[in-house]
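*Asks:* Each residue of the sequence shown is one higher than the one before, counting from 0 in numbering that gives the first Met the number 0.
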Amino acid sequence: MDQYAVVGNPIAHSKSPSIHKHFAEQTQQELIYSTLLGDDVQFERQVRDFFANDGKGMNITMPFKERAYAMCDVLSKRAEQAGAVNTLLMSENGDIFGDNTDGIGMVRDITHNHGQALTGKRVLILGAGGAVRGVLEPLLSENPESVTIANRTVEKAQALAELFDCLASTFEGLKGEFDIIINGTSASLSGSLPPLKDELAGSKTWCYDMMYGKERTVFLQWADDHGGKGADGLGMLVGQAAEAFYLWRQVRPDTASLVALMRKQMEAS
0 MDQYAVVGNP IAHSKSPSIH KHFAEQTQQE LIYSTLLGDD VQFERQVRDF
50 FANDGKGMNI TMPFKERAYA MCDVLSKRAE QAGAVNTLLM SENGDIFGDN
100 TDGIGMVRDI THNHGQALTG KRVLILGAGG AVRGVLEPLL SENPESVTIA
150 NRTVEKAQAL AELFDCLAST FEGLKGEFDI IINGTSASLS GSLPPLKDEL
200 AGSKTWCYDM MYGKERTVFL QWADDHGGKG ADGLGMLVGQ AAEAFYLWRQ
250 VRPDTASLVA LMRKQMEAS
(Lines of atoms letter the chains of each structure in order from A; the text may use other names.)
(Lines give C-alpha, C1' and ligand atoms only; values in the text may rest on other atoms or scores of the structure.)
Protein backbone atom coordinates (compact mmCIF):
# COMPACT_ATOMS: atom_id res chain seq x y z
CA MET A 0 0.00 0.00 0.00
CA ASP A 1 1.03 3.63 -0.49
CA GLN A 2 2.89 4.98 2.53
CA TYR A 3 2.27 8.35 4.20
CA ALA A 4 3.47 9.77 7.51
CA VAL A 5 3.44 12.78 9.80
CA VAL A 6 6.76 13.91 11.28
CA GLY A 7 7.20 16.16 14.29
CA ASN A 8 8.65 16.31 17.79
CA PRO A 9 6.72 15.49 19.91
CA ILE A 10 4.47 13.36 17.74
CA ALA A 11 2.73 10.71 19.90
CA HIS A 12 -0.22 13.06 20.51
CA SER A 13 -0.88 13.62 16.79
CA LYS A 14 -4.45 13.12 15.58
CA SER A 15 -3.28 12.93 11.95
CA PRO A 16 -3.18 9.10 11.71
CA SER A 17 -6.78 8.73 12.88
CA ILE A 18 -7.92 11.62 10.65
CA HIS A 19 -6.33 10.17 7.52
CA LYS A 20 -7.54 6.66 8.37
CA HIS A 21 -11.06 8.09 8.47
CA PHE A 22 -10.54 9.90 5.15
CA ALA A 23 -9.19 6.72 3.52
CA GLU A 24 -12.18 4.68 4.66
CA GLN A 25 -14.63 7.40 3.64
CA THR A 26 -13.17 7.71 0.13
CA GLN A 27 -12.27 4.00 -0.28
CA GLN A 28 -8.56 4.68 -0.63
CA GLU A 29 -5.98 2.07 0.38
CA LEU A 30 -3.02 3.56 2.20
CA ILE A 31 -0.93 3.35 5.36
CA TYR A 32 -0.38 6.50 7.46
CA SER A 33 2.08 6.45 10.36
CA THR A 34 3.90 8.78 12.76
CA LEU A 35 7.61 9.54 12.67
CA LEU A 36 9.42 11.15 15.58
CA GLY A 37 11.54 13.88 14.07
CA ASP A 38 15.19 14.13 15.04
CA ASP A 39 16.59 17.63 15.57
CA VAL A 40 19.84 16.71 13.84
CA GLN A 41 18.73 14.13 11.26
CA PHE A 42 15.36 15.57 10.16
CA GLU A 43 16.32 16.17 6.52
CA ARG A 44 17.81 12.69 6.24
CA GLN A 45 14.64 11.20 7.74
CA VAL A 46 12.52 12.89 5.08
CA ARG A 47 14.79 11.82 2.22
CA ASP A 48 14.97 8.24 3.55
CA PHE A 49 11.18 8.10 3.76
CA PHE A 50 10.79 9.08 0.13
CA ALA A 51 13.71 6.87 -0.96
CA ASN A 52 11.78 3.93 0.49
CA ASP A 53 8.77 4.65 -1.74
CA GLY A 54 6.95 7.00 0.63
CA LYS A 55 4.33 9.02 -1.24
CA GLY A 56 3.67 12.00 1.01
CA MET A 57 4.35 13.52 4.42
CA ASN A 58 2.76 15.96 6.80
CA ILE A 59 5.15 18.20 8.72
CA THR A 60 4.35 19.59 12.13
CA MET A 61 6.26 21.54 14.77
CA PRO A 62 9.09 22.32 14.93
CA PHE A 63 10.11 21.35 11.39
CA LYS A 64 7.87 23.38 9.03
CA GLU A 65 10.57 25.90 8.14
CA ARG A 66 13.25 23.23 7.67
CA ALA A 67 10.94 21.27 5.40
CA TYR A 68 10.34 24.47 3.42
CA ALA A 69 14.08 24.89 2.91
CA MET A 70 14.56 21.40 1.48
CA CYS A 71 11.76 21.54 -1.13
CA ASP A 72 12.61 21.54 -4.84
CA VAL A 73 9.25 23.09 -5.77
CA LEU A 74 6.84 25.17 -3.65
CA SER A 75 3.23 26.17 -4.06
CA LYS A 76 2.48 29.89 -4.06
CA ARG A 77 0.82 29.69 -0.65
CA ALA A 78 3.83 27.81 0.75
CA GLU A 79 6.19 30.46 -0.62
CA GLN A 80 4.19 33.22 1.07
CA ALA A 81 3.80 31.26 4.30
CA GLY A 82 7.53 30.64 4.52
CA ALA A 83 6.78 27.15 5.84
CA VAL A 84 5.28 23.87 4.63
CA ASN A 85 3.11 21.29 6.35
CA THR A 86 2.67 18.92 3.37
CA LEU A 87 5.22 17.20 1.15
CA LEU A 88 4.67 15.22 -2.02
CA MET A 89 7.20 13.28 -4.05
CA SER A 90 6.74 14.26 -7.70
CA GLU A 91 7.07 11.71 -10.50
CA ASN A 92 10.41 13.24 -11.52
CA GLY A 93 11.79 12.86 -7.98
CA ASP A 94 11.35 16.48 -6.86
CA ILE A 95 10.00 17.20 -3.39
CA PHE A 96 6.95 19.45 -3.70
CA GLY A 97 5.98 21.50 -0.65
CA ASP A 98 2.61 23.03 0.18
CA ASN A 99 1.01 24.77 3.15
CA THR A 100 -2.59 23.73 3.68
CA ASP A 101 -3.17 25.44 7.04
CA GLY A 102 -4.70 28.60 5.59
CA ILE A 103 -7.02 26.94 3.08
CA GLY A 104 -8.03 24.48 5.79
CA MET A 105 -9.06 27.38 8.03
CA VAL A 106 -10.81 29.32 5.25
CA ARG A 107 -12.79 26.26 4.14
CA ASP A 108 -13.82 25.58 7.73
CA ILE A 109 -15.01 29.16 8.17
CA THR A 110 -16.82 29.43 4.84
CA HIS A 111 -18.07 25.88 4.21
CA ASN A 112 -18.59 24.33 7.64
CA HIS A 113 -19.69 27.51 9.43
CA GLY A 114 -21.23 29.41 6.52
CA GLN A 115 -19.37 32.65 7.24
CA ALA A 116 -18.53 34.82 4.25
CA LEU A 117 -15.16 36.59 4.34
CA THR A 118 -15.70 38.63 1.16
CA GLY A 119 -16.24 42.31 1.89
CA LYS A 120 -15.74 41.85 5.64
CA ARG A 121 -13.61 43.85 8.07
CA VAL A 122 -11.26 41.20 9.47
CA LEU A 123 -8.98 41.38 12.51
CA ILE A 124 -6.23 38.80 13.10
CA LEU A 125 -4.60 38.55 16.52
CA GLY A 126 -0.91 37.64 16.53
CA ALA A 127 1.92 37.85 14.00
CA GLY A 128 3.69 34.52 14.29
CA GLY A 129 4.04 31.60 11.91
CA ALA A 130 0.44 30.47 12.35
CA VAL A 131 -0.85 33.85 11.15
CA ARG A 132 1.62 34.11 8.27
CA GLY A 133 0.50 30.67 7.11
CA VAL A 134 -3.16 31.67 6.71
CA LEU A 135 -2.89 35.19 5.25
CA GLU A 136 -2.66 34.33 1.55
CA PRO A 137 -5.79 32.10 1.46
CA LEU A 138 -7.63 34.58 3.67
CA LEU A 139 -6.81 37.55 1.42
CA SER A 140 -7.86 35.55 -1.64
CA GLU A 141 -11.43 35.71 -0.27
CA ASN A 142 -11.34 39.49 -0.90
CA PRO A 143 -12.24 40.88 2.53
CA GLU A 144 -12.77 44.65 2.78
CA SER A 145 -9.71 44.89 5.04
CA VAL A 146 -7.41 42.72 7.12
CA THR A 147 -5.74 44.18 10.22
CA ILE A 148 -2.97 42.30 12.04
CA ALA A 149 -2.69 43.19 15.73
CA ASN A 150 0.26 42.15 17.85
CA ARG A 151 1.90 43.16 21.13
CA THR A 152 5.12 43.83 19.21
CA VAL A 153 3.81 46.03 16.42
CA GLU A 154 7.02 45.67 14.37
CA LYS A 155 6.18 42.00 13.75
CA ALA A 156 2.67 42.94 12.64
CA GLN A 157 4.06 45.64 10.36
CA ALA A 158 6.49 43.20 8.73
CA LEU A 159 3.64 40.84 7.86
CA ALA A 160 1.39 43.70 6.78
CA GLU A 161 4.03 44.94 4.32
CA LEU A 162 4.55 41.44 2.96
CA PHE A 163 0.83 40.80 2.39
CA ASP A 164 -0.37 44.36 1.74
CA CYS A 165 -2.71 44.67 4.71
CA LEU A 166 -2.91 46.75 7.92
CA ALA A 167 -0.99 46.54 11.20
CA SER A 168 -1.78 47.77 14.70
CA THR A 169 -1.01 47.45 18.36
CA PHE A 170 -3.85 46.10 20.49
CA GLU A 171 -4.24 49.55 22.01
CA GLY A 172 -4.53 51.16 18.58
CA LEU A 173 -7.50 49.09 17.39
CA LYS A 174 -10.76 50.97 16.93
CA GLY A 175 -14.33 50.06 16.05
CA GLU A 176 -16.25 46.84 15.66
CA PHE A 177 -14.95 44.08 13.36
CA ASP A 178 -17.01 41.60 11.35
CA ILE A 179 -14.57 38.70 11.81
CA ILE A 180 -11.91 38.29 14.52
CA ILE A 181 -9.41 35.43 14.22
CA ASN A 182 -7.21 34.51 17.15
CA GLY A 183 -3.86 33.31 15.82
CA THR A 184 -2.04 33.60 19.15
CA SER A 185 -1.34 30.65 21.44
CA ALA A 186 -2.93 32.48 24.40
CA SER A 187 -5.84 30.03 24.57
CA LEU A 188 -3.44 27.17 25.35
CA SER A 189 -2.60 28.85 28.66
CA GLY A 190 -6.14 30.04 29.32
CA SER A 191 -5.22 33.69 28.74
CA LEU A 192 -6.58 36.37 26.44
CA PRO A 193 -4.92 39.08 24.33
CA PRO A 194 -5.69 42.62 25.62
CA LEU A 195 -8.85 43.27 23.60
CA LYS A 196 -11.04 46.35 23.89
CA ASP A 197 -14.77 45.89 24.42
CA GLU A 198 -15.57 47.95 21.31
CA LEU A 199 -13.99 45.42 18.94
CA ALA A 200 -16.83 42.89 19.09
CA GLY A 201 -20.60 43.14 19.03
CA SER A 202 -23.66 41.09 18.17
CA LYS A 203 -22.69 40.93 14.48
CA THR A 204 -19.08 39.83 15.13
CA TRP A 205 -18.05 36.26 14.39
CA CYS A 206 -14.90 34.95 16.09
CA TYR A 207 -12.58 32.08 15.22
CA ASP A 208 -9.89 30.61 17.48
CA MET A 209 -7.16 28.62 15.72
CA MET A 210 -6.72 26.70 18.98
CA TYR A 211 -9.28 24.15 20.15
CA GLY A 212 -10.11 22.13 23.22
CA LYS A 213 -12.77 20.19 25.07
CA GLU A 214 -14.10 23.39 26.63
CA ARG A 215 -14.85 26.68 24.89
CA THR A 216 -11.63 28.74 24.78
CA VAL A 217 -11.20 31.97 26.76
CA PHE A 218 -11.21 33.92 23.48
CA LEU A 219 -14.57 32.43 22.46
CA GLN A 220 -15.94 33.11 25.94
CA TRP A 221 -14.93 36.74 25.39
CA ALA A 222 -16.86 36.70 22.11
CA ASP A 223 -19.90 35.27 23.91
CA ASP A 224 -19.69 37.97 26.56
CA HIS A 225 -19.80 40.64 23.85
CA GLY A 226 -22.80 39.17 22.05
CA GLY A 227 -20.79 37.61 19.27
CA LYS A 228 -20.59 34.04 18.03
CA GLY A 229 -17.76 31.83 16.88
CA ALA A 230 -15.97 28.52 16.62
CA ASP A 231 -12.64 26.94 17.55
CA GLY A 232 -9.98 25.49 15.28
CA LEU A 233 -10.88 21.79 15.36
CA GLY A 234 -12.29 22.18 11.85
CA MET A 235 -9.04 23.84 10.74
CA LEU A 236 -7.09 20.80 11.93
CA VAL A 237 -9.36 18.50 9.93
CA GLY A 238 -9.50 20.92 7.00
CA GLN A 239 -5.75 21.21 6.52
CA ALA A 240 -5.53 17.41 6.61
CA ALA A 241 -8.26 17.16 3.98
CA GLU A 242 -6.33 19.50 1.68
CA ALA A 243 -3.19 17.38 2.09
CA PHE A 244 -5.23 14.24 1.38
CA TYR A 245 -6.60 15.85 -1.78
CA LEU A 246 -3.10 16.84 -2.90
CA TRP A 247 -1.90 13.26 -2.47
CA ARG A 248 -4.93 11.30 -3.71
CA GLN A 249 -6.90 13.77 -5.87
CA VAL A 250 -10.01 12.92 -3.85
CA ARG A 251 -11.59 15.50 -1.54
CA PRO A 252 -12.98 13.99 1.68
CA ASP A 253 -15.91 15.41 3.63
CA THR A 254 -14.73 17.22 6.75
CA ALA A 255 -17.95 18.23 8.54
CA SER A 256 -18.86 14.67 9.52
CA LEU A 257 -15.39 13.99 10.98
CA VAL A 258 -15.33 17.28 12.91
CA ALA A 259 -18.71 16.37 14.46
CA LEU A 260 -17.42 12.89 15.38
CA MET A 261 -14.20 14.24 16.92
CA ARG A 262 -16.17 16.88 18.84
CA LYS A 263 -18.42 14.19 20.26
CA GLN A 264 -15.41 12.06 21.24
CA MET A 265 -13.72 15.03 22.94
CA GLU A 266 -16.82 15.89 24.94
CA ALA A 267 -17.22 12.27 26.04
CA SER A 268 -13.61 11.90 27.18
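Glycine included, C-beta positions come from ideal geometry on N, C-alpha and C.
Between the stretch 70-87 and the stretch 154-161, are three or more C-beta pairs nearer than 8 Å?
*Replies:* No: the two stretches stay apart, fewer than three of their Cβ pairs being nearer than 8 Å.
*Asks:* Give the range of the beta strand (DSSP E) segment to which Ala11 is assigned.
*Replies:* In the sequence shown, counting from the first residue as 1, residue 11 sits at position 12. Run containing Ala11: none; DSSP gives neither H nor E here.
*Asks:* Between the Cα of Lys213 and those of Asp72, Val258, Asn142 and Phe163, spot the shortest distance and give me the residue it belongs to.
*Replies:* Taking the sequence shown and counting its residues from 1, the one referred to as residue 213 is at position 214. Closest by alpha carbon: Val258.
*Asks:* Just tell me which of Leu166, Leu188, Met61 and Gly201 has its CA closest to the CA of Glu176.
*Replies:* Position 177 of the sequence shown holds residue 176. The shortest C-alpha separation from Glu176 is found at Gly201.
*Asks:* Is the number of C-beta pairs between the stretch 109-117 and the stretch 132-148 that are closer than 8 Å three or more?
*Replies:* Taking 8 Å as the limit for Cβ pairs, the verdict is that the stretch 132-148 does touch the stretch 109-117.
*Asks:* Grab me the residues of Asp53's own chain with a C-beta within less than 6 Å of its C-beta, minus the 5 sequence neighbours each way, in chain order.
*Replies:* As a position in the sequence shown, residue 53 is number 54, starting the count at 1. Hits under 6 Å: none found.
*Asks:* Rounded to the nearest angstrom, what separates Asn8 and Glu43 at their Cα positions?
*Replies:* For the purposes of this step, residue 8 is taken as residue 9 along the sequence shown, with counting starting at 1. For the purposes of this step, residue 43 is taken as residue 44 along the sequence shown, with counting starting at 1. Cα to Cα, the separation comes out at about 14 Å.
*Asks:* What is the rounded straight-line gap between the Cα of Ile31 and the Cα of Asp178?
*Replies:* For this step, residue 31 is matched to residue 32 along the sequence shown. For this step, residue 178 is matched to residue 179 along the sequence shown. The straight-line gap from Cα to Cα measures roughly 42 Å.
*Asks:* Relative to the alpha-carbon of Pro62, which residue among Lys263, Ser75, Asp72 and Asp38 has its alpha-carbon at the smallest distance?
*Replies:* Sequence index remark: in the sequence shown, residue 62 carries index 63 (1-based). It is Asp38 whose Cα lies nearest to the Cα of Pro62.
*Asks:* Please go through the same chain and pick out, in chain order, the residues whose beta-carbon is closer than 7 Å to the beta-carbon of Met0, but skip the five residues on each side of it.
*Replies:* Taking the first residue of the sequence shown as position 1, residue 0 is located at position 1. Cβ neighbours of Met0 beyond the five flanking positions: Glu29, Leu30 and Ile31.
*Asks:* Is Val237 near Ile18, with beta carbons less than 8 Å apart?
*Replies:* As a position in the sequence shown, residue 237 is number 238, starting the count at 1. As a position in the sequence shown, residue 18 is number 19, starting the count at 1. Contact flag set, yes.
*Asks:* Measuring CA to CA, which of Ile10, Val146 and Phe218 is closest to Lys196?
*Replies:* By 1-based counting over the sequence shown, the position of residue 196 is 197. Selected option, being the one with the closest Cα: Phe218.
*Asks:* Can you round the beta-carbon distance between Ser168 and Ala149 to whole angstroms, since I take them to be within the 8 Å contact cut?
*Replies:* The residue given as residue 168 occupies position 169 in the sequence shown. The residue given as residue 149 occupies position 150 in the sequence shown. At roughly 5 Å, the Cβ-Cβ gap stays under 8 Å, so Ser168 and Ala149 are in contact.
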